[in-house]
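Here the structure is laid out as structure tokens; the discussion comes afterwards.
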Amino acid sequence: MKPDPTIWDWPLRIWHWAFAAFIAFSLYSGLSGDIGLLEWHQRSGLVLLGLLVFRLGWGLWGGRYARLGHYWTTPTAFVDHFRRRGRPGAHTSPGVALAVVLLGAAAVQVGTGLFATDDIFTEGPLHGYVSNELARRATWIHHRVHWLVLGAGGIHLAAHAVYALLRDPTPLAMFTGRKRLELPSTPHFWVRATVTSVLAAGVALVVTYAERLF
Numbered sequence: 012m013k014p015d016p017t018i019w020d021w022p023l024r025i026w027h028w029a030f031a032a033f034i035a036f037s038l039y040s041g042l043s044g045d046i047g048l049l050e051w052h053q054r055s056g057l058v059l060l061g062l063l064v065f066r067l068g069w070g071l072w073g074g075r076y077a078r079l080g081h082y083w084t085t086p087t088a089f090v091d092h093f094r095r096r097g098r099p100g101a102h103t104s105p106g107v108a109l110a111v112v113l114l115g116a117a118a119v120q121v122g123t124g125l126f127a128t129d130d131i132f133t134e135g136p137l138h139g140y141v142s143n144e145l146a147r148r149a150t151w152i153h154h155r156v157h158w159l160v161l162g163a164g165g166i167h168l169a170a171h172a173v174y175a176l177l178r179d180p181t182p183l184a185m186f187t188g189r190k191r192l193e194l195p196s197t198p199h200f201w202v203r204a205t206v207t208s209v210l211a212a213g214v215a216l217v218v219t220y221a222e223r224l225f
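Going by my numbering, the sequence shown runs without a break in its numbering and finishes at 225.
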């Protein structure tokens, strides 16, 4: 029996679980009210910056189904999915829409955090490069966009809970990398993943030490 094709390459799966872990910790450390966690909250945000840069790079030259060209949908395709008229593909239309919203919200959350300040203990690593007014606006956005991240993440988890209740194997794909589709498998591209990881880490480090470097 021919095995199911690999849709989620290993670098993307590793990225997925790291992203989920640091999103969860960032939300907890930011919303807990524990001042002692603020420094770790900032560090977690900088790791997320690196992960977002990696995902952008992987969307350009990574695994076949991780590329940005596969993250496109239309309202018609979205509705057809729920009417069970959609064509089988590497990603479902609602899944694509949710991924775009979640990644976009996370990018805004991380981006504004770089300039945000609480005016007492903590400020983002790029706070000194913008005016007080821009920093204030970035802080205002940073303190609100997390609700969108929480909402998108909650919908994602709820969808997988429904899949599990229906005994749909979709949630297992992020563990096994495989889906029951008539599609060619994607390579894992470990060399590209290594280069992309180095570039992403470099960006995060430059931002972290920007005031010392420039």
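Think of the CB as a built atom: it goes at the ideal place given N, C-alpha and C, for glycine as much as any other residue.
Buried/exposed call for R98, threshold 16 Cβ in 10 Å: A residue is called buried when at least 16 other Cβ atoms come within 10 angstroms of its Cβ; R98 does not meet this threshold and is exposed.
Three-state secondary structure (DSSP) of T219: In the structure shown, the three-state DSSP call for T219 is helix.
Buried or exposed by the 16-neighbour rule on C-beta atoms within 10 Å, applied to S43: Per the 10 Å Cβ criterion, exposed.
Y54 (DSSP reduced to helix, strand or coil): Before going on, a small fix: residue 54 reads as Arg here, not Tyr. It is helical.
Selected residue, minimal CA-CA separation from H110, among L224, W21 and H27: It is Ala, not His, that sits at residue 110 in the sequence shown. For the residues L224, W21 and H27, the minimum Cα distance to A110 belongs to H27.
For R78 and L125, the rounded distance between their alpha carbons: Rounded to the nearest whole angstrom, the C-alpha separation of L125 and R78 is 27 Å.
Sheet register partners of E134 (DSSP bridge): E134 pairs with T128.
Distance CB(I25)-CB(K190) smaller than 9 Å: No, the pair does not count as a contact, with Cβ atoms beyond the cut-off.
Where T197 sits in the DSSP three-state scheme: DSSP places T197 in coil when its eight states are reduced to three.
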